[in-house]
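What follows is a single structure, written as structure tokens, with notes after it.
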Amino acid sequence: MRIEHAEVVVTSPGRNFVTLKLVTSDGVTGYGDATLNGRELAVVSYLRDHVAPLLIGRDAHRIEDTWQYLYRGAYWRGGPVAMTAIAAVDVALWDIKGKVCGLPVYQLLGGACRDGCLAYTHASGRDLPELLEAVAGKLALGYRAVRAQAGVPDLGKVYGVATGDGAYEPAGRGARPDEEVWDSRAYLRHVPDVFAALREQFGPEPALLHDVHHRLTPLQAARLGRALEPHDLFWLEDVTPAEDPDALRLVRGHTVTPLAIGEVFNTIWDCRTILQDRLVDYIRVKPSHTGGISHVRRILALAELSQIRSGCHGATDISPVGMAAALHVGLAIANFGIQEHQPHDPLVDEVFPHAYRFADGSLHPGDEPGLGVSLDEPLAARHPYVAAYLPVARLVDGTLHDW
Ligand code: EZ4
Ligand code: CO
């Protein structure tokens, strides 16, 4: 069974998605998510100009060999663009293998280890009353775990906080990124009060998470972790810039608040020190951006040695194809932790009809052969690419900071 056709589909049903479509000589179609938020067209070119021509004629069953061919064969290894492209090929080939076998991908990975994947969703509020109402709304939907992000007094737009009635979407359409102002001290003064109020309102049971988005120094992060200890967070995410494991080592030495990191990692090499030295409790790699199902399984197997669990990134820029891939892996591994679930706009779900379902606080990938996601190409074509960027952050004095 040869790969006969490789095509990159770009669509923007409210936000941009890049999808690799592979078709075999037997007429089996597989999809892979190739979306890299704010740098979409770089992956399109990587796939279209440099990968697709190499795939034509290859044996579609040889997933691992194709992965090695694209990773080692490029000579230039790693990084978000290449690893997102390789991820798309890998995921599309697992989709094909599942369809050929007539089995959902999680069955090929060893079968279900649990009934469903515990999911957390996002709640935000510009002020405390708005946040309390948002969290109550998510719990009412059946979520047992909620990520809470609040506006900071005297700061404008803050990461993770929806500005209107709609869901939070960080990427803004337009030719240039928006600029936000950031003040770590104002933020640090406010966050512990937010979680005290949440615990007072909702009691000890719901799992509460929070994302710092890589903005603090190690000492600031250590102090925040300590200040949040009485409020029993499920995790505190991305406290310091992810490329610096020693920063986490310092944080770890000062707080028992569980830590999560890794949504910007692309290979097992990016994770190795953090996993081997047990510097976090949850690792946020996902098949999209991290070399696909094959590579993420390796990372999660390494994590298992250190009792670290999965916490796959599942923001809106992970397409339904990428979400499905994460769910098939999550269902089948022993050290699953939690799955981020920021539901897509209904139009996105129409463009990518999918079998995965949310019920009673958990997600299940469904039992369709392969990933269980398809692509409505005519509908996708009606929503062409629109330039969009993640914001940048500056300190009050204008210094560029981590967004
Ligand atoms: O900012 O996915 O935990 N979720 C996040 C996301 C990221 C976006 C970047 O593309 O940090 O909101
Ligand atoms: Co995050």
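Residue numbers (our numbering): 16 to 418.
For each residue, glycine too, the CB sits at the ideal point set by N, CA and C.
Predicted, not measured: the structure shown is a model, and the values here were computed from it.
DSSP places G47 in the uninterrupted beta strand (DSSP E) bounded by T44 to D48.
Linking G413 to G175 through their CA atoms gives a straight-line distance of about 21 angstroms. Ranked by Cα distance from G337, the first of V104, L203, A163 and A190 is V104. Between P273 and V115, the alpha-carbon positions lie close to 41 angstroms from each other. The stretch 261-270 and the stretch 238-247 touch, with no fewer than 3 CB-CB distances between them shorter than 8 angstroms. Contact between A49 and T99 holds, with the beta-carbon distance rounding to 6 angstroms and staying under 8 angstroms. Distances between the C-beta of D198 and the heavy atoms of ligand 2 are all 7 angstroms or more. With a threshold of 7 angstroms, the Cβ atom of E215 does not count as near ligand 1, since no heavy atom of the ligand is closer than that.
C-alpha of A316 to C-alpha of T305: approximately 14 angstroms in a straight line.
Contact annotation, A275 with V209: C-beta distance approximately 18 angstroms; criterion of less than 8 angstroms not satisfied. Assignment of beta-bridge partners to T99 by DSSP yields no partner. The DSSP-derived three-state label of G385 is strand. Distance from the Cα of T288 is smallest, within the candidate group I308, G307 and P260, for P260. The beta carbons of V173 and Y135 sit no closer together than 8 angstroms. Cβ neighbours of D142 within its own chain (closer than 8 angstroms, five residues either side excluded): A165 and G166.
Within 10 angstroms of the beta-carbon of G345 lie 16 or more other beta-carbons, which makes it buried. With a threshold of 7 angstroms, the Cβ atom of E278 counts as near ligand 2, since some heavy atom of the ligand is closer than that. Taken from the Cβ of H228, at least one heavy atom of ligand 2 lies inside 7 angstroms. Look at T288 here: in three-state DSSP terms it is helix. If you look at D80, you'll find it in the alpha helix (DSSP H) that goes I78 to G88. Looking only at V227, L35 and R129, the smallest Cα-Cα distance to S334 is reached by L35. The C-beta distance from I323 to I348 rounds to 12 angstroms, too long to meet the 8 angstroms contact threshold. The continuous stretches of beta strand (DSSP E) do not include L62, and DSSP gives it neither H nor E.
The C-alpha of V227 is placed about 29 angstroms away from the C-alpha of S309.
Placement of the Cβ of D48 at a distance of 7 angstroms or more from every heavy atom of ligand 1 is found. Put simply, the backbone Cα of A149 is about 24 angstroms away from that of S199. For T178, the number of other beta carbons within 10 angstroms of its own is below 16, and it is reported as exposed. Between A75 and I18, the C-beta gap is smaller than 8 angstroms, which places the two residues in contact.
Between the stretch 358-367 and the stretch 63-80 there are fewer than three C-beta pairs closer than 8 angstroms, too few to call the two in contact. With respect to V120, G131 sits apart: the two C-beta atoms are not nearer than 8 angstroms.
Residue environment analysis places D247 among the exposed positions, since fewer than 16 neighbouring C-beta atoms fall within 10 angstroms of its C-beta.
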